[in-house]
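As given, the protein sequences belong to chains L and C, one line each in that order.
Mapping the first sequence onto our numbering, position 101 (from 1) lands on 1176, and the numbers just tick up by one.
Mapping the second sequence onto our numbering, position 203 (from 1) lands on 205, and the numbers just tick up by one.
For glycine and all other residues, C-beta sits at the position ideal for the given N, C-alpha and C.
Since the model is a prediction, treat every value here as computed from it, not as a measurement.
To start, the structure itself, in C-alpha cells.
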Amino acid sequence: MTMKEQEIVERILKKAPYAEGKVRRERRIEFKVPADRIRNFLTLMKESGFELMLQITPVDWIKEGEIEIIYQIWSVTHRIHAMVRTRIPRDLEKARMPTVKDIYPAAETYERDAHEFFGVYFEGNEKMEMPWILDDTERGTYPLRKDFDMLSYVKKKYKILDRFDENKDNYVI
Amino acid sequence: MVSQSELIKEARENGMDLLPLDKDTYELFFGPQHMATENFSIILKMDGHRVVKAIANPGFLHRGFEKLAELRPWYTNIALLLRICVPEPDVPEMIYSMAVEEIMGWEVPERAQWIRTVVLEMARVSAYLFWTMGMAFKLGVYTAGQWAAAYRERFMALFEELTGARVYHIYTIPGGVRRDIPGDKWLRQLKDTVEYVKSKLPDFDHLIFENYITFRRMEGIGVMDKKFALEEGVTGPNLRATGVPYDVRRADPYLLYPELDFEVPVLKEGDALARALIRRYELEQDLYILEQLLEMGPPSGPYKIQDPRLKNLPRFKVPAGDAFAHVESTKGDFGAYVVSNGGNKPYRVQIRGPSIAHGIRVLEQLLIGARIADVPVILVSLDNCPPDIDR
Chain L
1076 MTMKEQEIVE RILKKAPYAE GKVRRERRIE FKVPADRIRN FLTLMKESGF
1126 ELMLQITPVD WIKEGEIEII YQIWSVTHRI HAMVRTRIPR DLEKARMPTV
1176 KDIYPAAETY ERDAHEFFGV YFEGNEKMEM PWILDDTERG TYPLRKDFDM
1226 LSYVKKKYKI LDRFDENKDN YVI
Chain C
3 MVSQSELIKE ARENGMDLLP LDKDTYELFF GPQHMATENF SIILKMDGHR
53 VVKAIANPGF LHRGFEKLAE LRPWYTNIAL LLRICVPEPD VPEMIYSMAV
103 EEIMGWEVPE RAQWIRTVVL EMARVSAYLF WTMGMAFKLG VYTAGQWAAA
153 YRERFMALFE ELTGARVYHI YTIPGGVRRD IPGDKWLRQL KDTVEYVKSK
203 LPDFDHLIFE NYITFRRMEG IGVMDKKFAL EEGVTGPNLR ATGVPYDVRR
253 ADPYLLYPEL DFEVPVLKEG DALARALIRR YELEQDLYIL EQLLEMGPPS
303 GPYKIQDPRL KNLPRFKVPA GDAFAHVEST KGDFGAYVVS NGGNKPYRVQ
353 IRGPSIAHGI RVLEQLLIGA RIADVPVILV SLDNCPPDID R
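Right under this line is the structure:
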C-alpha cells in the first residue's frame, strides 16, 4: 500500500538532503523545506512527476510568530498528493518568499491570493499589486491574519455600528 | 448635440477612468449583466471584431468564506461553505466533512457512504443539466435549454424531499448525513427520474450535440493543449478534453467509487466542442452510476457515526491536526485544507476552487484573437463558477 509512497519520498530525499519527508497515509506525502531552498525543491518535485499545482495555503501561526506556507501539489502520473511546508517570519518586512511562477505558472494566481490576504511578498511576481479584495480597502490590511480585528475594521469602514451606538436609545434589542 | 469627445472629456473630469482612444482599438465592457456571461464580467480590448486583450473579473462577491469559517463552530460551517458553488452545493459540504473526518479518525458508516455517493452524483447530473441550459442559451437553441432546466427541476424536487431544501441542502455533516432517506417511495421516484432523463438524452443530441450549427460554432474555438492545461492547473472536463485522463474519482478514490463501473471520457482536441462533448458523455456516465447505485440498494445500518462527542454540537471539538480532502466536481478538482488547533472552531479552512485556474488566467489567454461572437462560447465551454473564484 504505502510502498510506492515510501519509495518516492526516499528518492526525493536522496536528491534533497536538506528536506524532511514522511508518508502521511495512502496517497498523501509531506515534506518540510527551509524557505530559501523552496525553488530548488519544487523544481525537483516537478521533475519527479508532480505536475499539478493545486493551491498555495498560508497559515498564520501567531503564537510562534511565523507564517507557514504549504504548497499543495498533485501528481497525475503517480496519483499522489504532496504537501511542501515551509515557515517564514510573520513580520511584514521579513515575510518574503521567492516566486515559483516560472516552475508552476498556475502559482502566480495563488501567490497573489496569499499576498492579498496574508501580506506575504513573493519576489519576482509582478502581478502582486492587482487587488482581489475591494479597491477601497486600506493598504496594509491583511484580512486573513489572526491579529486582524474584523469588528473594529467594519465599524470604521462602514460607520454602521457608530450610528447604532449614537441612537442606541431608539433601538429595542 | 454633444460630441463624443466632449462626453469623454467630461467623464475624465468627473474622475471616470477611460482608456485613451487610439485609432485601432476600443474597450468593451462585457458583463456582468449581459445574458451570455452568467454574472461574470470581462473587459475586452477590441480591434474591430477581434479581441486583443481580455481582463476577467469574477465579480463583486467578496464574501470572505475563509475568514468567516474561522469564526464559527465546526458544525455551523457546513451551512456557510456550501454557498461557494450554487449549482453543485454538495461538493463543498463533502470535502469539508471528509477533511474533518480524517482529522478525527472517523470511519463513516456504509449506509452514509451510499447516500453520499447518490447525493454527489445527483448534484453532478443537475449541475451538468444546468450547464447544458447555459450552453443551449448561448448557442441560441432555447428549446433545449428549457428542457434541461425542466429536467433539473425534477432532481431539485428529489433533493427537497431528501434534505428539506431545493438548492442549499446542508445535508452532509462530519460523520455521516443529517437524516435518513425518506423511504422506498423516494428511491422509486429517483429511479423513474433517472430513466426519464436518460430517455431524453437523444433529444438533446439531435438538438445540440449533433447539430451542424454547434459544430461550426464550437470546433477549433478556444484550443488549449495538454502541457498548457497542466501547467495552468486546469482540472476536470477541461483537462480531460485535452487528453489527460485525470479524474479524482479514479485517481484518489473515495466513498463507493472503487466498486462502481464507469468510464472517464477523454478527448484530444482541447477545443470548445471537445469540452462540450466530454460533459455530454459524463452526464450519461453519471446517470449510469446512479442506476448502479439504485440496483445495489442502500446498505442497512446507521446513517451517521455513533459518537458521544456528537451529543453537544456547539461544544464539539476536533483534535489538533490538519487534512486535505478533494472530490471531483463538474468544474474540476475541488479541495479543502482544514487545520485544527484543538478548539471548537477551525484554525484555518482553505477551499481550493477549480474555477480559479480556468476561470481567470486560462480564459484571458484563450480569448486573445477570438471573435466577439466566440467569447460567450469560450466562456461557457470552460464552465466557470464565479463564486468559487472570488471566495
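- The C-beta of L:Val1195 comes no closer than 8 Å to any C-beta of chain C.
- At the C-beta level, L:Val1134 and L:Ile1148 stay beyond 8 Å of one another.
- Across the set C:Asp335, C:Leu292 and C:Lys270, the C-alpha of C:Leu292 shows the shortest separation from the C-alpha of C:Glu197.
- Judged by DSSP in its simplified three-state form, C:Glu29 adopts strand.
- In this structure C:Val340 does not touch C:Ala114 by the C-beta definition: roughly 19 Å separates them, more than the 8 Å allowed.
- Across the set C:Arg350, C:Ala375 and C:Asp273, the C-alpha of C:Arg350 shows the shortest separation from the C-alpha of C:Glu68.
- Counting only residues of its own chain and dropping the five nearest sequence neighbours on each side, L:Ala1182 has a CB closer than 6 Å to the CB of Met1128, Val1175 and Lys1176.
- Taking 8 Å as the cut-off, the Cβ atoms of C:Tyr130 and C:Asp288 count as close.
- In its chain, beyond the 5 residues on either side, Leu63, Arg65, Gly66, Phe67, Glu68, Ile86, Ile353 and Gly355 have a beta carbon closer than 8 Å to the beta carbon of C:Arg393.
- Taken atom to atom, the span from the alpha-carbon of C:Pro184 to that of C:Leu164 is near 6 Å.
- Assigned with DSSP and collapsed to three states, L:Ile1104 falls in strand.
- Counting only unbroken stretches of 4 or more residues, the alpha helix (DSSP H) elements lying wholly within the region 1158-1193 of chain L are 1182-1193, in sequence order.
- When DSSP states are grouped into helix, strand and coil, L:Thr1118 belongs to the helix group.
- In this structure, C:Tyr305 sits near C:Asp182, with a CB-CB distance shorter than 8 Å.
- Linking C:Gln294 to C:Asp273 through their CA atoms gives a straight-line distance of about 32 Å.
- DSSP places C:Ala125 in the helix class (H, G or I) of the three-state scheme.
- Listed by position along chain C, the residues whose Cβ is nearer than 7 Å to that of L:Glu1126 are Leu232.
- A residue is called buried once 16 or more other Cβ atoms fall within 10 Å of its Cβ, and C:Leu73, having fewer, is exposed.
- Around C:Ala253, the beta-carbon contacts reaching into chain L at under 7 Å are Arg1154.
- In this structure, C:His328 and C:Ile97 form a Cβ contact; the two beta carbons are roughly 6 Å apart against a cut-off of 8 Å.
- One Cα belongs to L:Ala1110, the other to L:Phe1116, and the distance between them is close to 10 Å.
- When DSSP states are grouped into helix, strand and coil, C:Asp273 belongs to the coil group.
- Using a CB distance cut-off of 8 Å, L:Met1158 counts as an interface residue toward chain C.
- For the pair C:Glu104 and C:Val110, the CB atoms are not nearer than the 8 Å cut-off.
- The continuous alpha helix (DSSP H) containing L:Val1084 extends over residues Met1078 to Lys1090.
- Cβ atoms of C:Cys387 and C:Lys313 stay farther apart than 8 Å, at about 37 Å.
- Nearest to C:Ala71 by C-alpha distance, out of L:Tyr1228, L:Lys1221 and L:Val1229, is L:Lys1221.
- Residues of chain L whose Cβ lies closer than 7 Å to the Cβ of C:Tyr248 are, in chain order, Val1151.
- Note on C:Ser99: 16 or more other CB atoms within 10 angstroms of its CB, so buried under the neighbour-count rule.
- In this chain, the alpha helix (DSSP H) harbouring C:Arg156 covers Tyr144 to Thr165.
- Contact of L:Gln1130 with chain C is assigned, a C-beta pair being separated by under 8 Å.
- For the pair C:Thr237 and C:Ala359, the CB atoms are nearer than the 8 Å cut-off.
- Going by DSSP, L:Ile1145 is part of the beta strand (DSSP E) stretching over Glu1141 to Ser1150.
- Under DSSP, C:Ala338 takes part in a beta bridge, and its partners are C:Ala327 and C:Ile353.
- Residue L:Asp1188 holds the alpha-carbon nearest to the alpha-carbon of L:Ile1144 among L:Lys1230, L:Asp1188 and L:Leu1226.
- Identification of residues in the region 1158-1179 of chain L having a C-beta nearer than 9 Å to some C-beta of chain C yields Met1158 and Tyr1179, given in sequence order.
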